[in-house]
Amino acid sequence: MMVLRLLKIPKSTYFDWVHYTESQRQREDTILKALLREIWQNNYKAYGAPRLRLALADLNLHHGTNRVRRLMREAGIYSVMSRRFNKQRQLLIIVNVPT
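Going by this note's numbering, the first residue of the sequence shown is number 14, and it counts up by one from there.
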């Protein structure tokens, strides 16, 4: 307790730290991060949050896309593919102007 006094840390902070236990949600998140990383690596690192959510649903683990995104961000998981999009085509408009 002498160290606490020297560092000016309240006793309650120390005892909160000593008796800390992870919540159920934190334990689930830890397991899901490992599972997401495994699915992501097995699919050539090409899956983003929507596809990873569907892959979890195939395993009967139903979680929202936002939770999957948060876990991906925390685990450093990202899709190596960029989003595909259609190029906008320029329209050529010819107007007959009377002279």
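Where is the CB? At the ideal position from N, CA and C, for every residue including glycine.
Just so we're clear, the structure is a prediction, and the values are computed from it rather than from any experiment.
Point to revise | Cβ shell of N109 (< 7 Å), same chain only, five flanking positions each side left out | key: Along the sequence shown, one-based indexing puts residue 109 at 96. Excluding residues within five positions, none has a Cβ falling inside 7 Å.
Check your understanding: I24 and M15 look like a contact to me (Cβ under 8 Å); what is the Cβ gap, rounded to whole Å?
Key -> Stepping through the sequence shown from its first residue, residue 24 is reached at position 11. Stepping through the sequence shown from its first residue, residue 15 is reached at position 2. For the sequence presented, residue 24 should be read as Lys rather than Ile. Actually they are not in contact, since the Cβ atoms of K24 and M15 sit about 12 Å apart, beyond 8 Å.
Exercise for review: Please list, in chain order, all residues of the same chain as G89 whose beta carbon is under 6 Å from its beta carbon, the five residues on each side excluded.
Suggested key: Stepping through the sequence shown from its first residue, residue 89 is reached at position 76. Nothing meets the Cβ criterion.
Check your understanding: So, helix, strand or coil for E35, using DSSP?
Key -> Counting from one through the sequence shown, the residue named residue 35 turns up at place 22. Three-state result, E35: coil.
Exercise for review: For Y60, count neighbouring C-beta atoms within 10 Å of its own C-beta (all shown protein chains included) and say buried if the count is 16 or more, exposed if not.
Suggested key: The residue labelled residue 60 in the question sits at position 47 within the sequence shown. In this structure Y60 is buried. Its beta-carbon is surrounded by 16 or more other beta-carbon atoms within 10 angstroms.
Point to revise | Buried versus exposed, by CB contacts within 10 Å (16 or more), R18 | key: One-based indexing of the sequence shown puts residue 18 at position 5. Under this definition R18 is an exposed residue.
Check your understanding: Considering only the beta carbon of each residue, do K58 and L84 sit closer than 8 Å?
Key -> The residue labelled residue 58 in the question sits at position 45 within the sequence shown. The residue labelled residue 84 in the question sits at position 71 within the sequence shown. Between K58 and L84, the CB-CB gap reaches or exceeds 8 Å.
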